[in-house]
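Numbering (our numbering), first residue to last: 1 to 712.
For reference, the structure discussed in these notes is given below.
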């Protein structure tokens, strides 16, 4: 099938680096007429923390009815293939090739959008792998890009009352815009030219009254809009945060924390943009209609001149709309990546300085910042162009009105007052047009922000938890049956067919060499990961279905990555839950061997804690995290190297205290002193439990445990 050499595909920018393959497929489908949300393609392509594979992209394309195949081509033969195509770029990225020209290669990059790369750059980045696509007999076009009004309708529900009041006040402000030109005409024709100076005082009083009315209306409108901003920001931010907290852990595993954090502040930005868009846009449209009608009643030819120039502005806006939308979305994404990279650097500042890699990180950050600045410059260049040309057209309109109107004044068909009044009306008219154009310039950035928020808000949350009455009392019993796990549909299996039962009050240890899957199994038990196959039940219920109320009484998880908040020790222990009894808090502190640390801190429980516990040692931070887990008196406690920074004596005291609590324990550790007193020790190899039993029995058996005992 023949297609033109250079085509144009819709831009689908990746939200995260691992989404490039899914985004590239979205561009191909969009070119053929099928619009599919990126979130859907992400799931279908099996995007994991390592991205997706070319073979999976081909499979999904075929599911949508395209004829797709993967090929290997040379630099010369690839130019003979039909476009658009997807190529594997620099062995770590997928991009869409739209065509080949004499000056380079036109591509649509999921990370940057449309760009032209030189032949030398293409030669350096092309890996020889390409994915080719054609329409198949089963292909069906469909889908549609979510219109902006749908985004707005979803977010403005419940706020139309306040917004409607603001719009009513805004429309009243249009009336003075008409009165001032009319009074100017009266002043020139009826006062200034005839010399009736007795009319000056009444006209001045009338103008003063109009000014006072405008002041009152503007004041009321600003106060109402402030209320609108406060209500909408609070409501949208709360909805976003609530949804974010209910997302499954794998959502966060595949996205950068800094990039997600940058989205949380977008609600304030979009609330102001939405308010300005609806408020100022409605006033501008109302002004255009009213002013246009009055101008036409005065002089139709001059009105047509103004309308013609306004239409010219609109055509210019439409011509730049596609590029501006892409540029704003690219800038939004680059800003998010810069914020994410900066957060990563701050979080790992000690490691960077200790290893002497701070200069290398700065070079990486500076490179990302330069991309953000370049994206911002593209946006600003287009905005300058969009503002400069309308200004020239406005000046041209005023000059034309002055010339044509002046000729009519000379001919006696128009008075001087009518000409001046008409010019004032035209200026107001063109100002309204300019206001609409300025507002339209914010639409691409608004849409980009809304799409980034929707990526979170449209992601499926965890299933609704069961009611407390529908679940057996907390006992600490856990059952695993045929559990298998992989980090993505296309990723290798990490755990395979694990079956394990833990009775109430039993203690088991998971040991094995690095990469055997013991930490993954612990996270599956804690409900932080979802099994690919098999079932996990705590007290007879899947971990993600446990009731939210008193969930901490059933299950607690502590790993070696300790996260502490800036605040007081009490806040970090209770997580701001003031209902926890003091005796319960003291027991958790005692059993976690944290009492001596607390006594050494000025202020005790109210002692200040720096972010991530920077003013505590590694062992103190681990004990604080363990105390936090014990505060709610869980019946099942899962520890993943949670005592690795403690000395043997402190670890023994904690083990004794936990034994006296009578709770079920799952321990991932390497120290012999930590695991030998467990009721059972599970030895793992290659994602499976290969040996199980108490310490004494395993020492007698000829197996991997006896081989590993010297390494523990």
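All residues carry an ideal CB built from backbone N, CA and C; glycine is no exception.
Subject >> Per-residue burial, residue 371 [other beta carbons within 10 Å of its own, 16 or more giving buried] >> reply: Here residue 371 refers to the residue found at position 371 when the chain shown is read from its first residue. Answer is buried; the Cβ neighbour count reaches 16.
Subject >> Ordered list of alpha helix (DSSP H) runs contained in the stretch 101-155, each at least 4 residues >> reply: 119-125
Original post:
Mind checking residue 432: buried by the 16 CB within 10 Å criterion, or exposed?
Top reply: As a position in the chain shown, residue 432 is number 432, starting the count at 1. Buried, by the Cβ-count rule.
**OP:** Have a look at the DSSP bridge pairing and note the partners of residue 681.
**Re:** Counting from 1 along the chain shown, the entry for residue 681 is found at position 681. DSSP output for residue 681 lists 509, 693 as bridge partner(s).
Original post:
With DSSP run on the structure shown, which of helix, strand or coil describes residue 358?
Top reply: Looking up residue 358 in the chain shown gives position 358. Residue 358: helix per DSSP, three-state reduction.
Original post:
What do you get for residue 649, buried or exposed, if any count of 16 or more other CB atoms within 10 angstroms of its CB means buried?
Top reply: Along the chain shown, one-based indexing puts residue 649 at 649. Exposed is the call here.
Original post:
With C-beta atoms as the reference, is residue 439 less than 8 Å away from residue 560?
Top reply: For this step, residue 439 is matched to residue 439 along the chain shown. For this step, residue 560 is matched to residue 560 along the chain shown. No, the Cβ-Cβ distance between residue 439 and residue 560 is not below 8 Å.
Original post:
Would you say the stretch 480-496 touches the stretch 434-453, given that touching needs at least three Cβ pairs under 8 Å?
Top reply: no
Subject >> Per-residue burial, residue 572 [other beta carbons within 10 Å of its own, 16 or more giving buried] >> reply: As a first step, residue 572 is located in the chain shown; it is residue number 572 there, counting from the start. Residue 572 counts as buried, since no fewer than 16 other beta carbons sit within 10 angstroms of its beta carbon.
Subject >> Where the beta strand (DSSP E) through residue 481 begins and ends >> reply: Along the chain shown, one-based indexing puts residue 481 at 481. In the DSSP assignment, residue 481 falls within the beta strand (DSSP E) that extends over 478-485.
Original post:
Which residues share a DSSP beta bridge with residue 353?
Top reply: Translated into the one-based positions of the chain shown, residue 353 becomes position 353. DSSP lists no partner for residue 353.
**OP:** Kindly confirm or deny that the stretch 657-671 and the stretch 627-645 touch, where touching means at least three C-beta pairs closer than 8 Å.
**Re:** Taking a cut-off of 8 Å on C-beta distances, the stretch 657-671 touches the stretch 627-645, as three or more cross pairs fall below it.
Original post:
Which residue from 248, 259, 388, 435 puts its Cα closest to that of residue 282?
Top reply: In the chain shown, residue 282 corresponds to position 282, counting from 1. If we check each option's Cα against that of residue 282, 435 comes out closest.
Original post:
So, helix, strand or coil for residue 3, using DSSP?
Top reply: The residue labelled residue 3 in the question sits at position 3 within the chain shown. With a pLDDT of 46 at residue 3, under the threshold of 50, the predicted position of this residue should be treated as unreliable, and no value is reported.
Original post:
Which word fits residue 138, buried or exposed, when buried means at least 16 other C-beta atoms lie within 10 angstroms of its C-beta?
Top reply: The residue labelled residue 138 in the question sits at position 138 within the chain shown. Taking all protein chains shown into account, residue 138 has fewer than 16 neighbouring C-beta atoms within 10 Å of its C-beta and is therefore exposed.
Original post:
Measuring CB to CB, does residue 274 end up less than 8 Å from residue 155?
Top reply: On the chain shown, residue 274 is found 274 positions in, with the first residue counted as 1. On the chain shown, residue 155 is found 155 positions in, with the first residue counted as 1. Yes; because the gap between Cβ atoms is below 8 Å, this pair is in contact.
Original post:
Around the C-beta of residue 3, are 16 or more other C-beta atoms found within 10 angstroms, so that it is buried, or is it exposed?
Top reply: One-based indexing of the chain shown puts residue 3 at position 3. Caution is warranted here: a pLDDT of 46 is assigned to residue 3, below 50, making its placement in the model unreliable, and the coordinate value is therefore given only provisionally. Exposed, since its Cβ has fewer than 16 Cβ neighbours within 10 Å.
**OP:** Give the single residue among 588, 457, 535 whose Cα lies nearest to the Cα of residue 260.
**Re:** As a first step, residue 260 is located in the chain shown; it is residue number 260 there, counting from the start. Here the closest residue by C-alpha is 457.
Subject >> CA nearest to the CA of residue 676, picked from 482, 651, 175, 563 >> reply: Taking the chain shown and counting its residues from 1, one reaches residue 676 at position 676. When each option's Cα is compared against that of residue 676, the closest is 651.
Subject >> Sub-8 Å separation of residue 250 and residue 530 beta-carbons >> reply: Within the chain shown, residue 250 is the residue found at index 250, counting from 1. Within the chain shown, residue 530 is the residue found at index 530, counting from 1. In this structure, residue 530 lies closer than 8 Å to residue 250 by Cβ.
**OP:** Have a look at residue 269 and residue 592 and give me their C-alpha separation to the nearest angstrom.
**Re:** One-based indexing of the chain shown puts residue 269 at position 269. One-based indexing of the chain shown puts residue 592 at position 592. For the pair residue 269 and residue 592, the Cα-to-Cα distance works out to about 44 Å.
**OP:** Give, in chain order, every unbroken run of the beta strand (DSSP E) that is at least 3 residues long and sits entirely within the stretch 32-103.
**Re:** List check, beta strand (DSSP E) in window: 66-72, 85-89, 93-100.
**OP:** Would you decide whether residue 680 is buried or exposed? Buried here means 16 or more other CB atoms lie within 10 Å of its CB.
**Re:** The residue labelled residue 680 in the question sits at position 680 within the chain shown. Buried, because 16 or more other Cβ atoms sit within 10 Å of the Cβ of residue 680.
Subject >> Inter-residue spacing [alpha-carbon to alpha-carbon] between residue 170 and residue 427 >> reply: In the chain shown, residue 170 corresponds to position 170, counting from 1. In the chain shown, residue 427 corresponds to position 427, counting from 1. Distance between the alpha carbons of residue 170 and residue 427: 19 Å.
**OP:** Pull up the CB-CB distance for residue 687 and residue 517, whole angstroms please, since I reckon it's below 8 Å.
**Re:** For the purposes of this step, residue 687 is taken as residue 687 along the chain shown, with counting starting at 1. For the purposes of this step, residue 517 is taken as residue 517 along the chain shown, with counting starting at 1. With 8 Å as the limit, residue 687 and residue 517 qualify as a contact, their Cβ atoms being about 4 Å apart.
**OP:** Taking residue 498 as part of the beta strand (DSSP E), name the residues at either end of that continuous run.
**Re:** Your numbering for residue 498 matches position 498 in the chain shown. Taken as a continuous stretch (DSSP letters only), the beta strand (DSSP E) holding residue 498 covers 495-502.
Subject >> Same chain, Cβ closer than 7 Å to residue 217, five either side skipped, listed in chain order >> reply: The residue given as residue 217 occupies position 217 in the chain shown. Cβ neighbours of residue 217 beyond the five flanking positions: 169, 172, 173.
Original post:
How should residue 89 be labelled, buried or exposed, when 16 other C-beta atoms within 10 angstroms of its C-beta is the threshold for buried?
Top reply: Along the chain shown, one-based indexing puts residue 89 at 89. Buried.
Original post:
Should residue 514 be labelled buried (16 or more other beta-carbon atoms within 10 Å of its own) or exposed?
Top reply: Taking the first residue of the chain shown as 1, we reach residue 514 at position 514. Per the 10 Å Cβ criterion, exposed.
**OP:** Mark residue 622 as exposed unless 16 or more other C-beta atoms lie within 10 angstroms of its C-beta, in which case mark it buried.
**Re:** Here residue 622 refers to the residue found at position 622 of the chain shown. Residue 622 comes out buried.
Original post:
Which whole-angstrom value describes the C-beta separation of residue 14 and residue 111, a residue pair presumed to lie in contact below a C-beta threshold of 8 Å?
Top reply: Your numbering for residue 14 matches position 14 in the chain shown. Your numbering for residue 111 matches position 111 in the chain shown. About 6 Å separates the two Cβ atoms, so the contact holds.
Original post:
Can you tell me the Cα-Cα spacing of residue 594 and residue 363, whole angstroms?
Top reply: To locate residue 594, count along the chain shown from 1; it is residue 594. To locate residue 363, count along the chain shown from 1; it is residue 363. When rounded, the distance between both Cα atoms is 42 Å.
Original post:
Exposed or buried, which one is residue 287 when buried takes at least 16 other CB atoms within 10 Å?
Top reply: Translated into positions along the chain shown, residue 287 becomes position 287. It is buried - the Cβ of residue 287 has at least 16 other Cβ atoms within 10 Å.
Original post:
Could you check where the alpha helix (DSSP H) with residue 228 kicks off and where it finishes?
Top reply: Stepping through the chain shown from its first residue, residue 228 is reached at position 228. Per DSSP, residue 228 belongs to the alpha helix (DSSP H) from 200-245.
Original post:
Near residue 625, what residues of its chain come up, given a Cβ to Cβ distance below 6 Å and the 5 sequence neighbours on each side ignored?
Top reply: The residue given as residue 625 occupies position 625 in the chain shown. Closer than 6 Å at Cβ, skipping near neighbours: 558, 562.
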